[in-house]
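Since the structure comes first, as structure tokens, the remarks are kept for the end.
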Amino acid sequence: MRTLYIAGDSTAAQKYADAAPETGWGMALPVFLHKDVSVANHAVNGRSTKSFLAEGRLDAILRAIRPGDVLLVQFGHNDQKTEDPARGTDPWTTYQDNLRAFAAAAREHGALPVFATSVERRRFDAAGTALRTLGQYPAAMRALAVREDVALLDVEALSLALWQRLGPEATKTYFNWTPTEQDNTHFNPPGAIEVARLVADELVRTRVLAPHETRRLDDEIPTDRITWPQPPEIEEKQ
Numbered sequence: 013m014r015t016l017y018i019a020g021d022s023t024a025a026q027k028y029a030d031a032a033p034e035t036g037w038g039m040a041l042p043v044f045l046h047k048d049v050s051v052a053n054h055a056v057n058g059r060s061t062k063s064f065l066a067e068g069r070l071d072a073i074l075r076a077i078r079p080g081d082v083l084l085v086q087f088g089h090n091d092q093k094t095e096d097p098a099r100g101t102d103p104w105t106t107y108q109d110n111l112r113a114f115a116a117a118a119r120e121h122g123a124l125p126v127f128a129t130s131v132e133r134r135r136f137d138a139a140g141t142a143l144r145t146l147g148q149y150p151a152a153m154r155a156l157a158v159r160e161d162v163a164l165l166d167v168e169a170l171s172l173a174l175w176q177r178l179g180p181e182a183t184k185t186y187f188n189w190t191p192t193e194q195d196n197t198h199f200n201p202p203g204a205i206e207v208a209r210l211v212a213d214e215l216v217r218t219r220v221l222a223p224h225e226t227r228r229l230d231d232e233i234p235t236d237r238i239t240w241p242q243p244p245e246i247e248e249k250q
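Plus 12 on top of the position in the sequence shown (first one is 1) and you've got this note's numbering.
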């Protein structure tokens, strides 16, 4: 059994019954992986590279990770919050320093570090062009991945292209739009499934996983594959 650990933010995180239909893409990723590859989703709402490390959350992963496992790191949304000293980072200095710490720690434990650029938000201009919202953070991650020889899943570029193909109206059915909320950052089940598909495709393209370690990459996935467990006694809030 090989385990893929996710270190990330609310776009990937496990959601619970009281948050439904909000869905992290990490909840949908197991649908696309063979039963011999398990997912340990440590992504948490509201975290950046800085706060995730400061809270000891990487340490918790390192106590469990084993040689041959994968540490998939996706941060950026909350690193952008530079007005918050607990979370904000500079893309070309502290953000890269923190990503380097994730990669080094994984390698020290015999695991494979993988970077994933952050999934794009839903934002369009008046002409219907999907807009980039993540500043320099994706570029900084791409550059560091080359320098440190870390596999890179370019989820930012792929998700932006997907939102462009779908357009402003159709994308509403992928994000957490409800009668009471218009959320252009977090997903509902269809959106989480499609982003997880992008991640799984990239894991194969970059040879992090072999084709036989994935499944259903071209299949239509019913949304009832997504379930929301009851929340733990203390739920992490963004």
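Positions of the beta carbon are idealized from the N, C-alpha and C atoms, including for glycine.
- Excluding residues up to 5 positions away in sequence, Ser60, Thr61, Lys62, Asp91, Tyr107, Asn110 lie with their Cβ nearer than 7 Å to the Cβ of Thr101 in the same chain.
- Here Phe87 carries a coil assignment [DSSP, helix/strand/coil].
- By the 16-neighbour rule on beta-carbons within 10 angstroms, Thr94 is exposed.
- Nearest Cα to Arg237 within the set His224, Ile18, Gly203: Gly203.
- Counting only residues of its own chain and dropping the five nearest sequence neighbours on each side, Tyr149 has a CB closer than 7 Å to the CB of Gly88, Asp91, Gln92, Pro103, Tyr107, Ser130.
- Within the DSSP secondary-structure output, Asn53 pairs in a beta bridge with Ile18.
- The criterion of a C-beta distance shorter than 8 Å is satisfied by Ala212 and Leu45.
- Sequence-distant partners of Glu214 (beyond 5 residues in either direction) whose C-beta falls short of 6 Å from its own C-beta, in its chain, are Leu165.
- By the 16-neighbour rule on beta-carbons within 10 angstroms, Val51 is buried.
- Distance check between Ala72 and each of Ala118, Asp48, Gly140 places Ala118 closest, using alpha-carbon atoms only.
- For the 8 Å CB-CB criterion, Arg112 and Leu156 form a contact.
- For the 8 Å CB-CB criterion, Glu160 and Leu146 do not form a contact.
- Sequence-distant partners of Ala55 (beyond 5 residues in either direction) whose C-beta falls short of 7 Å from its own C-beta, in its chain, are Ile18, Ala19, Gly20, Asp21, Ala24, Ala25, Gly36, Gly38.
- Residues of the same chain with a CB within less than 7 Å of the CB of Leu65, apart from the 5 flanking positions on each side, are Asn110, Ala113 in chain order.
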